[in-house]
Amino acid sequence: MRFLLAVLLLTPLSAQEYKIAVVGLVHSHVWGHLPKMIGSSAAARLVGIAEPNAELIAEARKIAPDTHYYSEYQKMLDEQHPDIVWSFVENNRHLEVAKECARRKINVMFEKPLASTFAEAEEIRQLALKAGIQVLTNYQMAWWAANYTAKGLVDEGKIGKTWRLHGIVGHGGPGSEGPRSKYFFEWLTDPVKNGAGALMDFGCYNALWSLWYLGRPTKVFATSNHLRPDRFPKVEDNANIELYYPQGVGIFEASWDLPQSYQDLEVFGYAPDGGSGSVYMKNGHVELRKGRQSEAVKIDPLPADRAEPIAYMVSCLRNHKPVEGLVAMDINAQVIEIIDAAKESVRTGKVVELRKR
1 MRFLLAVLLL TPLSAQEYKI AVVGLVHSHV WGHLPKMIGS SAAARLVGIA
51 EPNAELIAEA RKIAPDTHYY SEYQKMLDEQ HPDIVWSFVE NNRHLEVAKE
101 CARRKINVMF EKPLASTFAE AEEIRQLALK AGIQVLTNYQ MAWWAANYTA
151 KGLVDEGKIG KTWRLHGIVG HGGPGSEGPR SKYFFEWLTD PVKNGAGALM
201 DFGCYNALWS LWYLGRPTKV FATSNHLRPD RFPKVEDNAN IELYYPQGVG
251 IFEASWDLPQ SYQDLEVFGY APDGGSGSVY MKNGHVELRK GRQSEAVKID
301 PLPADRAEPI AYMVSCLRNH KPVEGLVAMD INAQVIEIID AAKESVRTGK
351 VVELRKR
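The numbering used here puts the sequence shown at residues 1 to 357.
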């Protein structure tokens, strides 16, 4: 016993191993992340995958043949005792997973968004605070170096005082061919399981950007289009969102009807001395624009523990630091508050005021 204690005390903090388990395979983003959980370079050791769908399990075995597989994730949690769970289930099941993890003191990562409704997001937040666990909501853009280069220019005052955002996020719509896509398509186009259609799928990116740059808005107005009811019979495939601030505005588009992929953002500033400008981000590149002049900005790489979601979560746990920034719990609960207000605005055709806090 003394020897074991001595070994533990002498083990460097950086050498401590963390275990991760995957709950669900119905979110197609899992197929991009799963290969990164395999091998000696992985930030945490994959100890199990839980999914009741045999077809999806067969797909996962092609990538991770040597891990443990379960049809019930609760059994996996009890047998494998992971430090982290990465959930790839339907949005309206995030609260269920959070409850199971919270009572076992397991930290959770959710593929965006945090929840399907604001009420669920708030309950997840309260569960996490009470249980003392970390909750990370994963967004692709949270790991883009360009995203932080753009924000840095704004924070340095390069364009004046930020007052306007214009963002467009979307593509030609989710695919539905093959097991890796068809089960994702089924729930992504369901207004209850997803929370909406394109408004939720891509509007959450827009809401997150607006919160990051301008904070919580006071009012929300949104409209939607149903351009392809044959393809998406139950949900909207295009949405426009306007977020109002006392001294600013965010104008955003979220669409499944675009000819190519867009994740574009332009941030506008105002300077009374004539130094007004904008920062434009597209496809991993950043431009600083002033008048008719445009300057490409050098993108510095992110540190290893800020460039990938598992590495960041492990870093937070290892160093006893809270999950912060774009993937933090509080800002992502506010994202869903905005999406809920946008859905209400679409339903009523009216501007929705957010409750004062």
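Glycine included, every Cβ here is placed at the ideal spot set by N, Cα and C.
Per DSSP, the beta bridge partners of isoleucine 84 are Ile20, Asn107.
Annotation: the continuous alpha helix (DSSP H) that includes lysine 62 extends over 54-63. According to DSSP, isoleucine 49 shares a beta bridge with Val22, Tyr69. DSSP places alanine 98 within a helical segment (H, G or I) once states are collapsed to three.
DSSP, reduced to helix, strand and coil, places phenylalanine 268 within a strand of the structure shown. Contact check for glutamate 90 and lysine 193: beta-carbon distance about 4 Å, within the 8 Å limit, so the pair qualifies. Assigned with DSSP and collapsed to three states, glycine 349 falls in coil, not helix or strand. Judged by beta-carbon spacing, glutamate 96 lies beyond the 9 Å limit of isoleucine 336, meaning their Cβ atoms are not closer than that value.
Annotation: valine 108 to glycine 170 spans about 27 Å, alpha carbon to alpha carbon. In this structure, DSSP gives threonine 223 an extended state, which the three-state scheme calls strand. The beta-bridge partner set that DSSP reports for glycine 167 consists of Phe252, Leu265. Counting every other CB atom within 10 Å of its CB across the protein chains shown gives lysine 151 a total of 16 or more, marking it as buried. Nearest neighbour of asparagine 92 by Cα position, chosen from Pro217, Val135, Pro191, Arg103, turns out to be Pro191.
In the DSSP assignment, alanine 296 forms a beta bridge with Glu287.
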